[in-house]
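If you read the sequences in order, they're chains A and B.
Convert by adding 58 to the 1-based position in the first sequence; the result is the number in this note's numbering.
Convert by adding 96 to the 1-based position in the second sequence; the result is the number in this note's numbering.
For each residue, glycine too, the CB sits at the ideal point set by N, CA and C.
Source: prediction; values computed, not measured.
One structure is given below, encoded as structure tokens.
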Amino acid sequence: MEPKLIDHLFRHHSGKMVSVLTRIFGLQHLDIIEDAIQDTFIKASLSWRKEQPEYPEAWLTKAAKNRVLDIFRTLKAQKNNSLHITQGTDAIAINELFLDSEIEDAQLRMIFTACHPKLDPRDRISFALKTVSGFSIKEIASALLTKEATIKKRLLRARKAIKSANLQFNIPQGKDLQERLDSVLEVLYLIFNEGFHSNSKDQLIREDLCGEALRLCKLLLNHQQTQFPECYALFALMCFHSARLEAKTNVNNEVLDLKQQDRSLWHFPLIQLGNSMMYKAVETKEFSCYHYEAAIAAEHLKAKTFEDTNWNKILHWYKALYTLQPMASHLLTMAVISMQTKDYKIANTYLKQLKPEDLEQRVYLYYAAKADYYAETDNFDEALLQIDLALDAVTNTLEKAYLLKKKEILKSL
Amino acid sequence: MKDFMMIFVGKEYVDLGMSPEELQSRMEKWFAWGAKMEQAGILKGGEALTPQIRRITGKDRTVTDLTSAEVKEIVGGFYLIKAKDFDAVQEIANDFPDYDLGNTVEIREIMVFDQ
Chain A
59 MEPKLIDHLF
69 RHHSGKMVSV
79 LTRIFGLQHL
89 DIIEDAIQDT
99 FIKASLSWRK
109 EQPEYPEAWL
119 TKAAKNRVLD
129 IFRTLKAQKN
139 NSLHITQGTD
149 AIAINELFLD
159 SEIEDAQLRM
169 IFTACHPKLD
179 PRDRISFALK
189 TVSGFSIKEI
199 ASALLTKEAT
209 IKKRLLRARK
219 AIKSANLQFN
229 IPQGKDLQER
239 LDSVLEVLYL
249 IFNEGFHSNS
259 KDQLIREDLC
269 GEALRLCKLL
279 LNHQQTQFPE
289 CYALFALMCF
299 HSARLEAKTN
309 VNNEVLDLKQ
319 QDRSLWHFPL
329 IQLGNSMMYK
339 AVETKEFSCY
349 HYEAAIAAEH
359 LKAKTFEDTN
369 WNKILHWYKA
379 LYTLQPMASH
389 LLTMAVISMQ
399 TKDYKIANTY
409 LKQLKPEDLE
419 QRVYLYYAAK
429 ADYYAETDNF
439 DEALLQIDLA
449 LDAVTNTLEK
459 AYLLKKKEIL
469 KSL
Chain B
97 MKDFMMIFVG
107 KEYVDLGMSP
117 EELQSRMEKW
127 FAWGAKMEQA
137 GILKGGEALT
147 PQIRRITGKD
157 RTVTDLTSAE
167 VKEIVGGFYL
177 IKAKDFDAVQ
187 EIANDFPDYD
197 LGNTVEIREI
207 MVFDQ
């Protein structure tokens with residue numbers, strides 16, 4: 059027997075089973091459910107030492123079904139009158155809930171629950187990663203570069219909110235669906251970005267988060283009720299970015315920007331998948347910010363070399379994005395793009411619209427862009443001043459090294 | 097060849113709050129180790145033990161029920177293997193997956209009673 063199991067089998071299965079059991083017992087029993095599922099995996103990890111089952115996934119599902127009875131007993135022992143089983147739920151009905159399509163349905167319910175407006179936006183990602191994705195508190199903390207205690211607090215708060223609002227475990231309908239979907243997409247987008255832009259040294263964590271976001275987004279696309287153009291657009295965006303994930307760091311685990319990346323390392327099948335998703339995404343009159351971000355990412359991927367990049371087109375998409383999302387960081391990017399095309403005057407008009415405080419932690423990028431602008435327009439003294447401001451504001455060591463290098467070059471001019 | 101027992105002592109997974117992902121990766125190491133011994137034809141048996149303990153001590157036969165969480169360490173399981181000597185078993189025990197948890201392998205020889 060092959061000793062190796064499918065990657066992440068336990069983690070994924072945990073998310074599936076927690077969702078299905080929650081559908082059976084209701085959200086108010088989430089604690090008991092999570093403990094019971096955890097118990098299944100511990101038992102599997104011990105008893106499989108002796109003999110690995112022929113179909114591990116089926117074994118785990120069967121074990122989870124058996125947990126249904128355990129949970130029944132636990133709840134009965136607690137004399138819990140709030141037991142939420144519908145009348146006449148019998149063995150057959152429970153079996154049906156463990157069918158693949160029903161498991162996906164249950165997971166979607168969990169995602170939509172995680173994104174319910176009653177939950178604090180800061181708690182949504184942690185709650186989703188814990189329940190739907192089977193991450194532990196420790197894993198969430200290291201993925202989000204946050205303390206374990208903070209994650210624990212967020213999870214507690216999320217559960218409290220669910221209980222006190224007595225949330226139902228379902229996918230909203232009609233107008234509610236559209237609103238909730240926006241928050242679901244935002245959470246998936248943030249999970250993906252945590253992975254893609256992570257400062258974590260651990261490449262695995264980055265890949266895990268990106269993979270998880272893709273997997274959850276795919277659940278939306280598999281479900282008839284949630285096949286919206288913006289879901290396809292977000293999926294396409296994730297494909298395009300993921301295609302570059304491997305090329306994003308060098309062997310020393312240093313982050314490489316687009317200019318330095320080895321484009322032959324880009325993952326072509328993902329680009330193709332992203333393209334085919336884009337065809338579905340554009341079957342709409344109204345584009346979302348994900349549409350524009352995907353278009354921008356696609357444009358970068360089209361260029362065979364950095365010099366081949368069609369900056370005019372990218373600027374065009376950024377302008378469209380900026381009208382939807384008037385964010386300072388977009389303006390800054392537009393300024394940087396204009397410098398790529400040597401349109402320094404236009405770059406300056408964008409820079410002038412910005413105030414340093416608009417950029418928050420990214421303010422060093424603003425100063426760095428200004429330094430570039432002054433250097434390109436031969437005002438080296440001012441450029442040096444801006445670089446020093448950037449150096450004062452930067453926290454990331456890699457970025458700092460990059461800025462210091464720039465400063466040396468400027469000084470030698 | 098002689099018969100030996102490798103006894104695993106230490107902390108239980110259930111008390112360490114391991115994630116499904118960690119459990120899977122540990123289990124895969126156990127698979128690999130077991131498969132290696134089996135291929136070498138030296139594996140004679142083994143069991144994993146549940147974390148419940150009923151302890152009976154003293155002439156009064158005092159009974160205490162405990163779980164792994166209440167004791168400093170617990171015997172988690174064992175393997176029975178055939179090997180030439182202690183050194184050979186030590187070599188095999190190198191692949192024990194849980195040293196990083198602070199867990200221990202105790203090697204004991206099965207006593208053979210020559211008449």
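Contact set for residue i: own chain, Cβ-Cβ below 7 angstroms, skip 5 residues either direction
i	result
Ile203 (chain B)	Phe100, Met102, Phe182, Val185, Gln186 and Ala189
Leu176 (chain B)	Asp99, Met101, Lys140, Gly141 and Gly142
Arg215 (chain A)	Asp178 and Asp181
Tyr424 (chain A)	Leu390, Leu412, Pro414 and Leu417
Thr98 (chain A)	Leu118, Ala121, Ala122 and Arg125
Glu197 (chain A)	none
Phe156 (chain A)	Val78, Thr119 and Lys123
Glu440 (chain A)	Tyr432
Interface residues of chain B facing residue i [CB-CB closer than 7 angstroms]
i	result
Ile100 (chain A)	Tyr109, Val110 and Leu119
Glu197 (chain A)	Ser115 and Glu117
Leu213 (chain A)	Result: empty, since nearest Cβ-Cβ is about 13 angstroms, beyond 7 angstroms.
Beta carbon proximity, residue i to chain B, threshold 7 angstroms
i	result
Leu267 (chain A)	no
Phe68 (chain A)	yes
Ser191 (chain A)	no
Glu270 (chain A)	no
Ser72 (chain A)	yes
Ser222 (chain A)	no
Ser200 (chain A)	no
Ser194 (chain A)	yes
Proximal residues of chain A, C-beta to C-beta of residue i below 8 angstroms
i	result
Ala144 (chain B)	Leu104, Ser105, Arg107 and Lys108
Nearest neighbour of residue i, chosen from the options [CA to CA]
i	options	result
Leu379 (chain A)	A:Ala405, A:Glu351, A:Ala172 and A:Asn406	A:Glu351
Val349 (chain A)	A:Phe83, A:Glu440, A:Leu423 and A:Leu243	First, the residue type needs correcting, since residue 349 (chain A) is His and not Val in the sequence shown. Cα-wise, what sits closest to His349 (chain A) is A:Leu243.
Phe250 (chain A)	A:Thr189, A:Leu267, A:Asp260 and A:Leu262	A:Leu267
Arg107 (chain A)	B:Thr163, B:Asn199, B:Asp156 and B:Gly173	B:Gly173
Gln236 (chain A)	A:Leu104, A:Glu312, A:Leu316 and A:Glu288	A:Glu288
Glu162 (chain A)	A:Phe326, A:Thr284 and A:Asn308	A:Thr284
Phe254 (chain A)	A:Gly232, A:Leu202, A:Ser241 and A:Lys410	A:Leu202
Cys173 (chain A)	A:Leu316, A:Arg217 and A:Ala386	A:Arg217
Leu456 (chain A)	A:Met168, A:Asp439, A:Asn310 and A:Asn370	A:Asn310
Glu357 (chain A)	A:Ala294, A:Leu471 and A:Leu279	A:Ala294
Ser164 (chain B)	B:Gln148, B:Trp129 and B:Glu134	B:Gln148
Ala405 (chain A)	A:Gln383, A:Asn370 and A:Gln419	A:Asn370
Ser103 (chain A)	B:Arg150, B:Asp194 and B:Lys178	B:Asp194
Pro114 (chain A)	A:Ser77, A:Leu157 and A:Leu67	A:Leu67
Tyr175 (chain A)	A:Lys205, A:Thr204, A:Lys210 and A:Leu239	In the sequence under discussion, the amino acid at residue 175 (chain A) is Pro, which differs from the Tyr named in the question. Taking only the C-alpha atoms, the option nearest Pro175 (chain A) is A:Leu239.
Ala179 (chain B)	B:Ser121, B:Thr146 and B:Ile206	B:Ile206
Phe286 (chain A)	A:Gly232, A:Phe326 and A:Met397	A:Gly232
Phe104 (chain B)	B:Val208, B:Phe192 and B:Gln211	B:Phe192
Asp260 (chain A)	A:Thr307, A:Arg273, A:His70 and A:Leu279	A:Thr307
Arg122 (chain B)	B:Leu145, B:Met133 and B:Tyr109	B:Tyr109
Any chain A beta carbon closer than 7 angstroms to residue i
i	result
Pro147 (chain B)	no
Phe104 (chain B)	no
Met123 (chain B)	yes
Ser115 (chain B)	yes
Cβ-based neighbour list, residue i, same chain, cut-off 6 angstroms, excluding 5 preceding and 5 following
i	result
Ala361 (chain A)	Thr367
Val159 (chain B)	Ile152
Ala448 (chain A)	Tyr422, Tyr425, Ala426 and Leu461
Gly332 (chain A)	Ala294, Cys297 and Phe298
Under 7 angstroms from the C-beta of residue i: neighbouring residues of chain A
i	result
Phe192 (chain B)	Within 7 angstroms Cβ-Cβ: nothing; Phe192 (chain B) doesn't reach chain A, min ~12 angstroms.
Phe174 (chain B)	Neighbours of Phe174 (chain B) on chain A: none; closest Cβ ~11 angstroms, over 7 angstroms.
Gly130 (chain B)	Arg107
Residues near residue i by beta carbon distance below 8 angstroms, same chain, minus five either side
i	result
Lys377 (chain A)	Met392
Lys276 (chain A)	Phe293
Leu213 (chain A)	Asp181, Ser184, Phe185, Lys188 and Ile195
(request) Give, in chain order, every unbroken run of the alpha helix (DSSP H) that is at least 4 residues long and sits entirely within the segment 389–423 of chain A. (result) Counting only runs of 4 or more, we get 402–410.
(request) For the segment 108–184 of chain B, list the beta strand (DSSP E) runs that are entirely contained and at least 3 residues long, ordered along the chain. (result) Qualifying beta strand (DSSP E) stretches, in chain order: 139–144, 148–153, 158–163 and 170–179.
(request) Kindly provide the ranges of any alpha helix (DSSP H) runs that are 4 or more residues long and lie completely inside the segment 233–293 of chain A, ordered along the chain. (result) For the segment 233–293 of chain A, whole alpha helix (DSSP H) runs of length 4 or above, ordered along the chain, are 261–280.
(request) May I have a chain-ordered list of the alpha helix (DSSP H) segments no shorter than 4 residues that lie completely inside the segment 163–241 of chain A? (result) If we require 4 residues or more, the alpha helix (DSSP H) runs fully inside the segment 163–241 of chain A come out as 179–189, 195–201 and 206–222.
(message) Could you tell me which whole beta strand (DSSP E) segments of length 3 or greater appear in the segment 82–138 of chain A?
(response) DSSP runs (the beta strand (DSSP E)) wholly in the segment 82–138 of chain A: none.
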